[in-house]
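Sequential numbering from 1 applies to the sequence shown in this note's numbering.
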Amino acid sequence: PAYLRVHDMLKRRFAPGAAVVALTATAAKQTIRSICDALALTRIVRCDGVESPDALSQAPQVQRRNLNLSSSFENDPTTALLSLLQRPPYRQMNSIIVYVWMKWVAEQTARHLQKAGIS
Numbered sequence: 001p002a003y004l005r006v007h008d009m010l011k012r013r014f015a016p017g018a019a020v021v022a023l024t025a026t027a028a029k030q031t032i033r034s035i036c037d038a039l040a041l042t043r044i045v046r047c048d049g050v051e052s053p054d055a056l057s058q059a060p061q062v063q064r065r066n067l068n069l070s071s072s073f074e075n076d077p078t079t080a081l082l083s084l085l086q087r088p089p090y091r092q093m094n095s096i097i098v099y100v101w102m103k104w105v106a107e108q109t110a111r112h113l114q115k116a117g118i119s
């Protein structure tokens, strides 16, 4: 993954000892460990306040009630997304992040949603 090369770039670009922070909402323990190793991070603080070294040894005691994850395989994904966004609970949400695999897909999806009155 590209994040494995980030530390070298940061060392070249910034002064020694510059602060680095990595944030994640959903990464698995192995991914968190990998990112910490790649960025040479020694301190982990979870959203529930547990710090290293116990931060990865137990599950966080936080319920992310504001995080909904949905995925699907569709023949017409843009139309399916529009339909999904117009139904509860998504219709009532203030913000939604839609992940797509390429920039041109993001731009195309944004145009389609804007034409439908969703921005």
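All C-beta atoms, glycine included, are put in the ideal place defined by N, C-alpha and C.
{"Asked": "Residue interval of the alpha helix (DSSP H) (run including T109)", "Found": "K103 to K115"}
{"Asked": "Proximity below 8 Å, CB of A116 to CB of L84", "Found": "no"}
{"Asked": "R46 - containing alpha helix (DSSP H), residue span", "Found": "Neither: R46 is in no alpha helix (DSSP H) and is coded neither H nor E."}
{"Asked": "Distance, V21 Cα to S72 Cα", "Found": "32 Å"}
{"Asked": "Which listed residue (T109, M9, D37 and C36) has its alpha carbon closest to that of D76", "Found": "T109"}
{"Asked": "Nonlocal neighbours in the same chain, by C-beta distance under 6 Å from L4, ignoring five residues either side", "Found": "A38"}
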